[in-house]
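Numbering (our numbering), first residue to last: 6 to 394.
In this text, a Cβ means the ideal position worked out from N, Cα and C, and glycines have one as well.
Since the model is a prediction, treat every value here as computed from it, not as a measurement.
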């Protein structure tokens, strides 16, 4: 059936409108929202009050006005510290500081007082805000916890294990990455569900490696700004998963130039003896990197970049009886196996990872950002790489 030109235009307009609504709904995942009610000393609504939310690290501001019921709402605010300010003629100006977390929906009421000469009220402290707009069960790892939490190997997926109800799928394994995945990491179980039932979201976009049940992106821990795990009752915008939702927001530059250089070292001299060989297996690990972020143009365009390298030089131990070893190699030779023969004792198993993540962001109504990540893993067995835009 062939559509008429006017029908084609109508269908195109419908698809564009639907896509716009879907994109707007999806943005609530990695942004935060703030709503509230403005009232006078008697509790009556203050219609038309000007409400401004300013991201203090970038000076990006959003302004709205209270409706006739005194209510206001900012649906898309960046994660991080904000100052919310209310102004209305005849009343003293009120300002309140609040730190927004990924996916949060905060309700903040404002009560105005009658204006006197040069009167303004600024609340400097941050009181705990109850998120009553959503019923989902979630845990958030803040930026401070991400930067100070000691993690062996600095895999950002290990942050999920800090949330109640989350556990690794194989607690007895020392495997560095799944056989079918190009990114390091082990599967995680949320609420006793399979690791393939989870959904990974990075900056509001799906980042799933369905073959391995892991995130399809890999970058240094220093890239993560906030990390959220939704274990039950996720909002409709998330969808897709039966288990949990792992929602991550990556860092962006601010008006302040900031740089970090770090290095973490391990050596077998500090390890215990292997219970099978009664000796310390050769093992060294060097993990180092650098991050830098700042303004390209103050209050408007920002950049952030991270480079990280991990050199894990480890050894394994194989213990097979000599008679069994000879039988195994004989059988492999009989079937035409072209690989190396099986041996016992120590064997080297080094794994090297390199990640690079540059990003730039502009401060507009909702912000425009672009990022390109690249990661590679090399070992004697194989070489793996993953890239993402």
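- At the C-beta level, residue 173 and residue 144 stay beyond 8 Å of one another.
- Pairing residue 171 with residue 206 gives a Cβ-Cβ distance that is not under 8 Å.
- DSSP places residue 193 within a strand segment (E or B) once states are collapsed to three.
- Counting C-beta atoms within 10 angstroms of its own C-beta, residue 343 has fewer than 16 neighbours from the protein chains shown and is therefore classed as exposed.
- Residue pairing of residue 92 in beta bridges, as defined by DSSP: 55.
- DSSP, read as helix, strand or coil, puts residue 320 in strand.
- Proximity of the segment 240-257 to the segment 277-289 falls short of the contact definition, fewer than three beta-carbon pairs being nearer than 8 Å.
- With contacts defined as CB atoms closer than 8 Å, residue 89 and residue 71 fail to qualify as a contacting pair.
- Between residue 189 and residue 223, the gap from beta carbon to beta carbon is short of 8 Å.
- Minimum Cα-Cα distance from residue 36 among the listed residues 337, 84, 157 and 211 corresponds to 84.
- For the 8 Å CB-CB criterion, residue 202 and residue 213 do not form a contact.
- CA-CA distance, residue 75 to residue 82, rounds to 20 Å.
- Inter-residue distance for residue 321 and residue 333 is about 19 Å (C-alpha atoms, whole angstroms).
- Straight across, the Cα-Cα distance linking residue 79 with residue 109 is about 12 Å.
- Classified as exposed, residue 48 has fewer than 16 neighbouring CB atoms from the shown chains inside 10 Å of its CB.
- Burial of residue 311 is indicated by the presence of at least 16 other C-beta atoms within 10 angstroms of its C-beta.
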